[in-house]
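Numbering (my numbering) for the sequence shown: 29 to 253. Notes for the one structure printed next.
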Amino acid sequence: MHDWDLFEDVAIAYGYDRIISQPPPTYTVGKPNAVLVRADRVREVLCGLGYLEVMPFTLTSEEIMYSRMQRPEHPGVLRVMHPITIENTIVRTDLIPLLLEFLAMNRHRELPQRLFTVGDVVHHCTTHQQAAGVSTHPEADFSEAYATADALLHELSLEYTAVESADPAFIDGRRVDIMAGNRKIGMFGEIHPAVLNGFELEHSVAAFEIDLRALPGYRGMPGTP
């Protein structure tokens with residue numbers, strides 16, 4: 029139960045009809061949320077690169093998020109206290125696993141398939157937005173992942189360096205961590221064959237994921253209001 033649930037119960041008990049509406053003493057001018065503006069820019073760029081947006085569920089499972097990805101469990105994973113099904117036991121901490129699940133559900137569709145999503149992830153009860161994309165077809169490889177991630181970061185005016193990654197979800201030698209200064213803001217590469225087998229995918233997959241907190245002016249980043 030959240031604090032707002034208590035506020036609502038008090039308001040119901042008191043009676044909404046007894047609450048007198050009053051105009052605010054000061055006036056403000058509405059404007060778009062800065063975070064959503066930046067997320068929309070990411071969508072615009074990825075659509076221009078030929079990717080189709082999908083909207084995975086926020087809840088998922090340890091099987092999808094970690095086991096099939098060959099990744100250790102995130103220390104900040106948020107668990108559902110009383111899950112109704114084994115498919116919805118945690119809140120997502122990454123986006124690539126859910127996109128791979130989408131590809132698995134669309135194996136009967138023609139290739140190439142290029143999907144992306146922009147949405148919330150939760151680490152230690154803190155929510156922020158990330159963007160991720162996957163591309164599958166017989167020729168999908170590291171070069172495609174690099175080209176797409178580089179184009180996106182360039183359009184977002186993000187300077188970065190690429191360093192060798194140890195992410196087990198990707199093929200050794202075909203995986204990169206995206207660094208902004210000394211902070212990791214994402215990764216890209218070619219998905220490991222064992223991960224592909226876990227999702228029953230027949231063709232190679234190029235993938236990337238970027239933390240949108242790295243964008244200039246994103247609320248919550250150091251040095252921003």
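Glycine is no exception: its CB is placed at the ideal position from the N, C-alpha and C atoms.
Taking 4 residues as the minimum length, the alpha helix (DSSP H) runs contained wholly in the segment 91 to 153 are 124 to 133, in order along the chain. Taking C-beta atoms as the reference points, Thr145 and Leu123 count as a pair closer than 7 angstroms. Per DSSP, reduced to three states, the secondary structure at Ile213 is strand.
In the three-state scheme derived from DSSP, where H, G and I count as helix and E and B as strand, Phe227 is classed as coil. Residue range 62 to 76 is occupied by the alpha helix (DSSP H) that includes Gly76. Only exposed fits Met83, as fewer than 16 other CB atoms lie within 10 angstroms of its CB.
Looking at Ala132, Asp169, Val63, the one whose alpha-carbon comes closest to that of Gln158 is Val63.
Between Ala160 and Phe236 a beta carbon distance of about 7 angstroms is seen, short of the 8 angstroms cut, so the two are scored as contacting. Its Cα nearest to that of Ala208, the residue Leu184 stands out among His220, Leu184, Phe227. Per DSSP, Asp195 lies in no alpha helix (DSSP H) segment and is marked neither H nor E. In this structure, Asp178 sits away from Ser193, with a CB-CB distance that is not shorter than 7 angstroms. When rounded, the separation of the alpha-carbon atoms in Asp45 and Leu34 is 18 angstroms.
Counting along the chain, Phe85 sits inside no alpha helix (DSSP H), nor does DSSP assign it H or E at all. Across the structure, Val119 and Arg211 are spaced so that their CA atoms are roughly 24 angstroms apart.
Taken atom to atom, the span from the alpha-carbon of Glu115 to that of Pro52 is near 45 angstroms.
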